[in-house]
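Visitor:
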Amino acid sequence: MVKNRYEMDMCTGPLLQKLLVFSLPLMLSSILQLLFNAVDIIVVGQFSGSTALAAVGATTSLIMLITNLFIGISIGANVLAAQFFASGKKDLMQDTVHSAILTGIISGIIMVFVGIFLARPALEAMDTPSDVIDQAVLYMRIYFCGMPFFMTYNYGAAILRAIGDTKRPLYFLIMAGVLNACLNVILVKFFSMGVAGVAIATVISQILSCSLVLYCLVKSDGIYRLDFHKLKIHPHIVKRMLLIGLPAGIQSMLISFSNVIIQSSINSFGYLAMAGNTAAANIDGFIYAALNAITQTCLTFTSQNFGAGEYKRVDSVLVQCVFIDLVIGIIMGVGCYLLGPQLLSIYNNDPEVISYGMIRIATIGLPYAICGIMDLIPGSMRGMGRSAVPMFITLSGVCLFRIFWVYFVFAEHRTMEMLYLSYPVSWILTIILQLICFYFVRKKMYHRVQTT
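Be aware that the sequence shown starts at 47, since it is given in the numbering used here, and climbs by one per residue.
(1) Between 490, 393 and 144, which has its C-alpha nearest residue 278's C-alpha?
(2) Return the Cβ separation of residue 329 and residue 371 in integer angstroms, given the expectation that the two are a contact with Cβ distance under 8 Å.
(3) Could you have a look at residue 278 and say whether DSSP puts it in helix, strand or coil?
(4) If residue 165 sits next to residue 353, beta carbons under 8 Å apart, how far is it from one beta carbon to the other, in whole angstroms?
(5) Under a three-way DSSP split, which group does residue 585 fall into?
(6) What residue range is occupied by the uninterrupted alpha helix (DSSP H) comprising residue 238?
(7) Restricting to runs no shorter than 4 residues, where is the alpha helix (DSSP H) found entirely within the stretch 127-179?
(8) Counting only the same chain and skipping the five closest in sequence on each side, list residues whose C-beta sits under 7 Å from that of residue 136.
(9) Any contact of the stretch 305-321 with the stretch 445-459, i.e. 3+ C-beta pairs under 8 Å?
(10) For residue 467, collect the residues of the same chain with a Cβ closer than 7 Å to its Cβ; drop the 5 residues on either side in sequence, then sort them by chain order.
(11) Does DSSP put residue 458 in a helix, a strand or coil?
(12) Let me know the secondary structure DSSP gives residue 53 once reduced to three states.
(13) Please state whether DSSP places residue 113 in a helix, a strand or coil.
(14) Taking the beta carbon of residue 57 as the centre, do at least 16 other beta carbons fall within 10 Å, making it buried, or is it exposed?
(15) Tell me the DSSP secondary structure of residue 356 in three-state form.
(16) Whole-angstrom Cβ separation of residue 189 and residue 248, contact assumed at under 8 Å?
(17) Measuring straight from C-alpha to C-alpha, what distance separates residue 66 and residue 359?
(18) Go ahead and pull the three-state DSSP assignment for residue 225.
(19) By the DSSP assignment, the alpha helix (DSSP H) with residue 413 in it spans what residues?
(20) Looking at the structure shown, is residue 424 part of a helix, part of a strand, or coil, going by DSSP?
(21) Using the rule of at least 16 other Cβ atoms within 10 Å of the residue's Cβ for burial, across every protein chain shown, is residue 423 buried or exposed?
(22) As a quick exercise: from 381, 147, 421 and 413, pick the residue whose alpha carbon is nearest that of residue 470.
(23) Please indicate yes or no: does the CB of residue 448 lie closer than 7 Å to some heavy atom of the ligand NAP?
(24) Going by the CB atoms, is the gap between residue 331 and residue 402 shorter than 8 Å?
(25) What separation, rounded to the nearest whole angstrom, lies between the Cα atoms of residue 442 and residue 112?
(26) Could you name the residues of the same chain whose beta carbon sits closer than 8 Å to that of residue 335, not counting the 5 residues immediately before and after it, in chain order?
(27) Given 8 Å as the limit, is there contact between the stretch 250-260 and the stretch 200-217, that is, 3 or more CB pairs closer than that?
(28) How would you label residue 386, buried or exposed, when you count the other beta carbons within 10 angstroms and need 16 or more for buried?
(29) On a Cα-Cα basis, can you pick out the residue from 181, 138 and 411 that is closest to residue 281?
(30) If we call anything under 8 Å between Cβ atoms a contact, is residue 436 one with residue 430?
(31) Whole angstroms is fine: what's the gap from residue 504's alpha carbon to residue 63's?
(32) Can the beta-carbon of residue 302 be found closer than 8 Å to that of residue 176?
(33) Nearest by alpha-carbon distance to residue 54: which of 417, 351 and 192 is it?
(34) With distances taken from CA atoms, which of 207, 348 and 162 is nearest residue 361?
(35) Please state whether DSSP places residue 267 in a helix, a strand or coil.
(36) Per DSSP, what kind of secondary structure is residue 343 in: helix, strand or coil?
What follows is the structure in structure tokens.
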């Protein structure tokens, strides 16, 4: 089944070693992708001031809200491709590849119009301050012009992850990241383009990473080869992609909606609080990127082993991924807290901005390993093809709970600490609910296997 050094057989051999070999490049890729936004924030914060920094930060949760639905559907493509690859079903694999890429292109085009037309009304609904909103709208509209390339890259990378290839997407992002950083400095520092400059740089870097991943798929000699003449929406594949990926996308979108509400509450503290939150969110975002790579690893390994009928190995995947998550999450969380002031000063030197940023790092960044566990459990269930139930549980434990917290708990105690505390409390509550759900899903799966 495995024909070249980029493909991986996840169903045999030492599991921990393969989990690490797969997850480390993926982790670096996720962190590098986040660097696109980090470089934007650092450059604009240093050369264009706190207002521009707040403007870029004000769009983050809104961008995630709009894009997460379609990014979630790419999880369905990843699961199906991994299952078909492990079971050697060439025709179904080909249908998945071509349906996924075309879905990415179409969704990206839709996102262009959604982002351009909804930017201002959505930011106004979030109570974005008048001294920030014009720059935020400009950044967001230019950023969304790159959505076709961003979406296509994500769907293409999902196919590569499914066959065990996390190295080439890493190489592609390194090249795109270097280009992004260079263009940021040139456009902002030398041409004084501000938020427009960093947005343009991001779009150009996304075009490069998208082109590279498509070239990789076109030149492949494996069963995941892409032929542009065969691009087609295969209803039987898209239906299964949606059954697995749509609940994940809806979950991510609604969690982002709860984050938009929290962002609106942060906005009420003024632009310095917004700038501090923006910088700190970018720092703890690196922790999330690393832990999310472990979730993607769990999802893909579970999918391949489930597709190959290696059901006992599915349990081991989850247990060992939880162990990796705890080690990495604790190390990175403590590191970010201890180095917090120095890291925040990279984004902005204002003492008040740094003070606001440290509140977020202490409350959210330090215990971030808990969030990783919260994502791993539904990731394992999605790898088995069960996506709807964990979606409802996560929405209840995270989205609804955070909204309740903002309107009732935070309303009575209006401090940044109390607002941020909604995150770790919601993570713990959700994990408890997910463990109960996982027990019954696993029990049902093994019962089905034993009776067939």
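The beta carbon of each residue, even a glycine, is placed where N, CA and C say it ideally should be. This structure is a prediction, so every number in the text was calculated from the model and none was measured.
Guide: On the basis of the coordinates in this document:
(1) For the purposes of this step, residue 278 is taken as residue 232 along the sequence shown, with counting starting at 1. That would be 144, whose Cα lies nearest to the Cα of residue 278.
(2) Taking the first residue of the sequence shown as 1, we reach residue 329 at position 283. Taking the first residue of the sequence shown as 1, we reach residue 371 at position 325. Incorrect: roughly 19 Å between the Cβ atoms, too far for contact.
(3) Here residue 278 refers to the residue found at position 232 when the sequence shown is read from its first residue. Residue 278 sits in coil when the DSSP states are folded into three classes, being neither helix nor strand.
(4) Taking the first residue of the sequence shown as position 1, residue 165 is located at position 119. Taking the first residue of the sequence shown as position 1, residue 353 is located at position 307. Not quite, the Cβ-Cβ distance comes to about 41 Å (not below 8 Å), so this is no contact.
(5) Residue numbering for the chain in the displayed model covers 47 to 498; residue 585 lies beyond these limits and cannot be assessed.
(6) Your numbering for residue 238 matches position 192 in the sequence shown. Careful: residue 238 lies outside any alpha helix (DSSP H) and carries neither H nor E.
(7) 136-171
(8) Walking along the sequence shown from the start, residue 136 turns up at place 90. Excluding residues within five positions, the ones whose Cβ falls inside 7 Å are 269.
(9) yes
(10) For the purposes of this step, residue 467 is identified with residue 421 of the sequence shown, where counting begins at 1. Here the set comprises 409.
(11) Here residue 458 refers to the residue found at position 412 of the sequence shown. Residue 458 falls in the helix class under three-state DSSP.
(12) Within the sequence shown, numbered from 1, the residue matching residue 53 stands at position 7. Coil at residue 53, not helix or strand.
(13) Stepping through the sequence shown from its first residue, residue 113 is reached at position 67. If DSSP states are grouped into helix, strand and coil, residue 113 belongs with the helices.
(14) Along the sequence shown, read from residue 1 onward, the residue named residue 57 stands at position 11. It is buried - the Cβ of residue 57 has at least 16 other Cβ atoms within 10 Å.
(15) The count along the sequence shown starts at 1 and reaches residue 356 at position 310. Residue 356: coil per DSSP, three-state reduction.
(16) Here residue 189 refers to the residue found at position 143 of the sequence shown. Here residue 248 refers to the residue found at position 202 of the sequence shown. Yes, residue 189 and residue 248 are in contact; Cβ-Cβ is about 6 Å, under 8 Å.
(17) Within the sequence shown, numbered from 1, the residue matching residue 66 stands at position 20. Within the sequence shown, numbered from 1, the residue matching residue 359 stands at position 313. Near 16 Å, if we compare the C-alpha coordinates of residue 359 and residue 66.
(18) Position 179 of the sequence shown, counting from 1, holds the residue named residue 225. Helix, per DSSP.
(19) Translated into positions along the sequence shown, residue 413 becomes position 367. Looking at the DSSP string, residue 413 is not in any alpha helix (DSSP H), and its letter there is neither H nor E.
(20) Numbered from its first residue, the sequence shown carries residue 424 at position 378. Three-state DSSP puts residue 424 in a helix.
(21) Numbered from 1 along the sequence shown, position 377 holds the residue referred to as residue 423. Answer is buried; the Cβ neighbour count reaches 16.
(22) To locate residue 470, count along the sequence shown from 1; it is residue 424. Residue 413 is the option with its Cα nearest to residue 470.
(23) Of ligands this structure carries none, so the ligand NAP is not represented either.
(24) Position 356 of the sequence shown holds residue 402. Position 285 of the sequence shown holds residue 331. Cβ distance not < 8 Å, so residue 402 and residue 331 don't count as in contact.
(25) The residue you call residue 442 lines up with position 396 of the sequence shown. The residue you call residue 112 lines up with position 66 of the sequence shown. Using only the alpha carbons, I get a separation of about 20 Å.
(26) As a first step, residue 335 must be located in the sequence shown, where it is residue number 289. Closer than 8 Å at Cβ, skipping near neighbours: 73, 76, 77, 79 and 80.
(27) With a cut-off of 8 Å on Cβ pairs, the stretch 250-260 is in contact with the stretch 200-217, counting three or more such pairs.
(28) Sequence index remark: in the sequence shown, residue 386 carries index 340 (1-based). Residue 386 should be labelled buried.
(29) The count along the sequence shown starts at 1 and reaches residue 281 at position 235. With distances taken between Cα atoms, residue 281 lies closest to 138.
(30) One-based indexing of the sequence shown puts residue 436 at position 390. One-based indexing of the sequence shown puts residue 430 at position 384. Not a contact, by the Cβ cut-off of 8 Å.
(31) Examination of residue 504 is not possible in this model, given that the chain is present from 47 through 498 alone.
(32) Numbered from 1 along the sequence shown, position 256 holds the residue referred to as residue 302. Numbered from 1 along the sequence shown, position 130 holds the residue referred to as residue 176. It is not a contact, given that the beta carbons lie outside the stated cut-off.
(33) Within the sequence shown, the letter at position 8 stands for residue 54. Ranking the options by Cα distance to residue 54, first place goes to 351.
(34) Start at 1 with the first residue of the sequence shown, and residue 361 comes out as number 315. If we check each option's Cα against that of residue 361, 348 comes out closest.
(35) Sequence index remark: in the sequence shown, residue 267 carries index 221 (1-based). Residue state, collapsed to three classes: coil.
(36) Within the sequence shown, numbered from 1, the residue matching residue 343 stands at position 297. Correct three-state label for residue 343: helix.
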